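S.K.: In the numbering used here, the protein residues as written are 6 to 1041.
1. Alpha carbon to alpha carbon, how far is residue 996 from residue 964?
2. For residue 114, which of helix, strand or coil comes out of DSSP?
3. Considering residue 671, what are the terminal residues of the beta strand (DSSP E) in which it resides?
4. From residue 628 to residue 56, what distance separates their C-alpha atoms?
5. Is the beta carbon of residue 381 less than 9 Å from the beta carbon of residue 371?
6. Within 10 Å of its beta-carbon, does residue 274 have 16 or more other beta-carbons around it, so buried, or fewer, so exposed?
7. Tell me residue 358's beta-bridge partners as DSSP assigns them.
8. To the nearest angstrom, how far is the alpha carbon of residue 197 from that of residue 93?
9. Does the stretch 284-292 come close enough to the stretch 251-264 to have 3 or more Cβ pairs within less than 8 Å?
10. To which residues of the same chain is residue 591 closer than 6 Å at the C-beta, ignoring the five residues directly before and after it?
11. Between the alpha carbons of residue 718 and residue 816, how many angstroms are there, rounded?
12. Taking DSSP as the reference, what is the three-state secondary structure of residue 659?
13. Apart from the five residues just before and just after residue 115, which ones in its own chain have a Cβ nearer than 7 Å to its Cβ?
14. In the DSSP assignment, what residue or residues form a beta bridge with residue 980?
15. Excluding five sequence neighbours on each side, which residues of the same chain lie with their C-beta closer than 8 Å to the C-beta of residue 574?
16. Can you tell me the Cα-Cα spacing of residue 160 and residue 174, whole angstroms?
17. Let me check one thing: in DSSP terms, what residues is residue 598 bridge-paired to?
18. Name the one or two DSSP bridge partners that residue 871 has.
19. Taking residue 54 as part of the alpha helix (DSSP H), name the residues at either end of that continuous run.
20. What whole-angstrom Cβ distance do residue 163 and residue 108 have, given they're in contact under 8 Å?
21. What span of residues does the beta strand (DSSP E) with residue 747 cover, start to end?
22. Could you give the C-beta distance for residue 818 and residue 778, rounded to a whole number, given that I count them as a contact under 8 Å?
23. Who are the near neighbours of residue 600 in its chain, counting only those whose CB is closer than 7 Å to its CB and skipping five residues on each side?
24. Please report the straight-line C-alpha distance between residue 267 and residue 1002, rounded to a whole angstrom.
25. Rounded to the nearest angstrom, how far is the Cβ of residue 418 from that of residue 301, given a contact under 8 Å?
26. Got a sec? Which residues, its chain only, sit under 7 Å from residue 715 by beta carbon, not counting five neighbours each side?
27. Report yes if the CB atom of residue 553 is closer than 9 Å to the CB atom of residue 517, and no otherwise.
28. So the beta strand (DSSP E) residue 491 belongs to, where does it begin and stop?
29. Among 45, 1009, 106 and 317, which one has its Cα closest to the Cα of residue 250?
30. So residue 153 and residue 122 are supposed to be a Cβ contact under 8 Å. How far apart are they, rounded?
31. Considering only DSSP beta bridges, list what residue 309 is partnered with.
32. Do residue 685 and residue 609 have their C-beta atoms closer together than 9 Å?
33. Would you report the Cα separation of residue 531 and residue 51, rounded to the nearest angstrom?
34. Around the Cβ of residue 1053, are there at least 16 other Cβ atoms within 10 angstroms (buried) or fewer (exposed)?
35. Rounded to the nearest angstrom, what separates residue 973 and residue 349 at their Cα positions?
36. Beta carbon of residue 486, beta carbon of residue 529: below 9 Å?
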């Protein structure tokens, strides 16, 4: 089908030869495109918006043909949430709790630990009585043991694919949004569990942590002189192995146990020799636990950068580990088999993801535990410790070493768990206690109820979808109207009817009506013509309206559109005719007044007016059926249109009459006006005999009289006070004039307004009074001391000579007289001069004003301060990190210039000159207080400085983070000072530290960060790492 614009032109081509009064029903139907050929499915690839008979590509394709029932709903199959047979249960990641989930799965698969925890008696007697679990109460574990019991019971017998560990995590007080050190969590939790179980009476429960995880070694020091051995026994729950410089696990163990020489300054004091002697020191393994935890120290502190980093070196380890060579007492079996590998994915020590590869002790099969997802590892997937890194740059990827059978290599494994090998296979069956099983059964019942509920919702959705499918198949075939009776429905409604994801709303045709409450011809591009049969069914099932039948075709709109189109095609010819008529000399004075501006732009105005309907048509292509275009936007557009002058309104006066300005209009002939009138029928008409507006004439006379009066007043005042106007021969308080003992004071605001009037009396209002009350407090006392009036407050006042004051009192009304008198004290040769103000100073209000000024400097939000980076006490001109795309100072200044007015200057609209003041003699005391502190103290930013927006309430630590982003200097490398004072307290607020708006802070960096790829680590370190402080792991 032809493009929409071609269809539009074809629908109105007849208007070129048909006059508006000759429009017939055939023309109307052509304009509404009633008889356009309908499109055929398969031939038309998409819906033709210009053709109301095109019903292809409106969403029908998903309903025609075979449909998958799953497309009728967006509810997942609840069985997907069901635990698969012979599989384990996952744990939900609550945000950043993957490190907790990995250890919970490892501990759960330690059958001895699980059995011992089940034997721990519950403190909740309500749930352990013979009558079973109370159905009306939700079980809430109280202790850590109870939480772990319940969690293990769910992991063992739940029907869910994964369970929620939030109760356990909450009981420990962990922050679910902050990733913690997994190794530290393991140590602290084992210590907490051991302490909790130590109170149990059953020895199998009380000693389970020691039996499973606790070993013993000794620090042995041997004197080289006498051979005496000194032993210090110590228990361990894991061995912390250094991996730097090593490739194999056995090398790490050997380094852990290697002999250290104590020589020189590090010599050992031997009690036998009673002197310092050379000695050797090493660790001897005395006993090993059943479960041997080997911590690979991947996360180390980097002294150069001052933060933690991850070592991504490959370490090889075997599935079988013989510890006999490392143990002092050789009796017994010390062969261990690998049971778990805990993995950290990611290159940073402060981010990433934790996963566990754990061996099922009963089946001997390996599983990957990744929060909710659990996957069996077999075949090619059985690569222990191997997981793809997160966001790792390709440059840093190291080639993986080759591994033999039974050995593995990992760059992400941070903990290896080995179990003591036994001759017999582990056939231990751990039974869940009865009361815990009842709790699990109750949770399973809830899960089954949820599954049934979800399945029912899916079934209802499928039933609705099937019914809709039948409806669409039936009605879509009957949609085309052909030559039978028809109606119009919006394309958008039809698309929503065919959209399975949204419920069908009632039909709403109001948005496509014209002013005559019929179908607007310009809306036809978003309407579709359907059969009356289909329309009847639609309205009976969904309701709505109004119904748009053949009677809804609007003849008035078609006629008007025909007139407009003919005028548009005639416009060029009429433009030449009017220009020729304007060039010919008029005979007589008969004609019409037209604005010169309107005559210059009448063609453009006519085009815009004729194109308005096309603009409305484009607007009609917007939303319908309950989603109209934004009404506020349309109101604003209409308001803007109203503000624009229409044709001939440029000679319209404010009272609606003819303007008195003859220079802005000219007389045109009757013939020319008739042509213009065709395009602007509503334009104001002023025949040549029309008189100008009488009200404007009166106002003009009054204005001329007032202007003359103002000029006379201004000349008189200027002649009376010439020096005050020209700012010549002004007195100064700091250098008191000898020829007078009294000076008078007026506000500087009065002086500015008066000078403005005298310079331009025709444009300003005469100043008739002086409001000195603004300089006084509510009690009538003066707000300023004599010293302050000579310095910072001098800009607020103007000093007046006594002779000028006499003239001022004659010319103006003065509400309060303020004067300062000099008095000499002490006889003939005065030793002291006093200055007395009238009225006197009000000490309380003066002190209040100073406090308010200081408070305003300490309580600010989004104020600008400047940070200057110095190196060896020299200001740097360029930033130290161009590779981070931090703009140079020149670029920043260019950017500042490019900002819109009001954003360039942080003090915009706050200086005295930029503040608008009311022309009144009385000003509020509170408002005046604010004016007092507005001094011109804006700091001029120089090259190399960065401007930062800060608030008084933010801490120094938060400021350092801002500085880090601006200068790429880590917080721990920043040395900040202001006015020679070192800023060191990170917890103090900027207000408390004396940082005020426009302050300049000097930044001296200890050492710039060279590794910008590790900015992720820096971002974390800039906030103090508090670890598990405040959690239940530390007894809180």
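Quick reminder that beta carbons are idealized off the backbone N, C-alpha and C, glycines included.
All values derive from a computational prediction rather than experimental measurement.
M.R.: Reading from the atomic positions:
1. Near 12 Å, if we compare the C-alpha coordinates of residue 964 and residue 996.
2. Of the three classes helix, strand and coil, the one that applies to residue 114 here is coil, per DSSP.
3. Following the DSSP letters along the chain, one finds residue 671 inside the beta strand (DSSP E) bounded by residues 670-673.
4. Confidence is the limiting factor: at residue 628 the pLDDT is only 42, short of 50, which leaves the residue's position unreliable, though a coordinate-based value still follows. Cα to Cα, the separation comes out at about 19 Å.
5. Result yes, Cβ atoms of residue 381 and residue 371 sit closer than 9 Å.
6. Exposed, since its Cβ has fewer than 16 Cβ neighbours within 10 Å.
7. According to DSSP, residue 358 bridges with 350.
8. Residue 197 and residue 93 have their C-alpha atoms spaced approximately 26 Å apart.
9. Taking a cut-off of 8 Å for Cβ pairs, the stretch 284-292 and the stretch 251-264 touch, as three or more such pairs fall below it.
10. Excluding residues within five positions, the ones whose Cβ falls inside 6 Å are 674.
11. In this structure, the straight-line span from the alpha carbon of residue 718 to that of residue 816 is close to 10 Å.
12. Looking at residue 659 - three-state DSSP - the assignment turns out to be coil, as it is neither helix nor strand.
13. Excluding residues within five positions, the ones whose Cβ falls inside 7 Å are 217 and 296.
14. DSSP, once it has assigned bridges, lists 1009 as partnering residue 980.
15. Taking residue 574 as the centre and dropping the five residues before and after it, the same chain places the C-beta of 21 closer than 8 Å to its C-beta, in chain order.
16. Residue 160 and residue 174: Cα-Cα distance of roughly 15 Å.
17. For residue 598, which the question treats as bridged, DSSP gives the partners 672.
18. When DSSP reads this structure, residue 871 sits in a beta bridge with 952 and 1005.
19. First-last for residue 54: undefined, no H or E at that position.
20. With 8 Å as the limit, residue 163 and residue 108 do not qualify as a contact, their Cβ atoms being about 19 Å apart.
21. DSSP places residue 747 in the uninterrupted beta strand (DSSP E) bounded by 747-752.
22. Going by Cβ atoms, the distance from residue 818 to residue 778 rounds to 12 Å, so no, they are not a contact pair.
23. Same-chain partners within the cutoff: 653, 655, 656, 669 and 670.
24. Using only the alpha carbons, I get a separation of about 59 Å.
25. Right, the Cβ-Cβ distance comes to about 6 Å (below 8 Å), so this counts as a contact.
26. Within the same chain, residue 715 has close Cβ partners 766, 767 and 771.
27. A contact, by the Cβ cut-off of 9 Å.
28. Element bounds for residue 491: 491-495.
29. Residue 250 has its Cα closest to that of 317, out of 45, 1009, 106 and 317.
30. Between residue 153 and residue 122 the beta-carbon gap is near 6 Å, inside 8 Å, which marks them as a contact.
31. Answer is none; residue 309 lacks a bridge partner.
32. Contact flag unset, no.
33. So the alpha carbons of these two residues sit roughly 14 Å apart.
34. No answer is possible for residue 1053: the residues shown for the chain start at 6 and end at 1041.
35. Answer to the nearest angstrom: the Cα atoms are 28 Å apart.
36. No, Cβ-Cβ distance for residue 486 and residue 529 is not below 9 Å.
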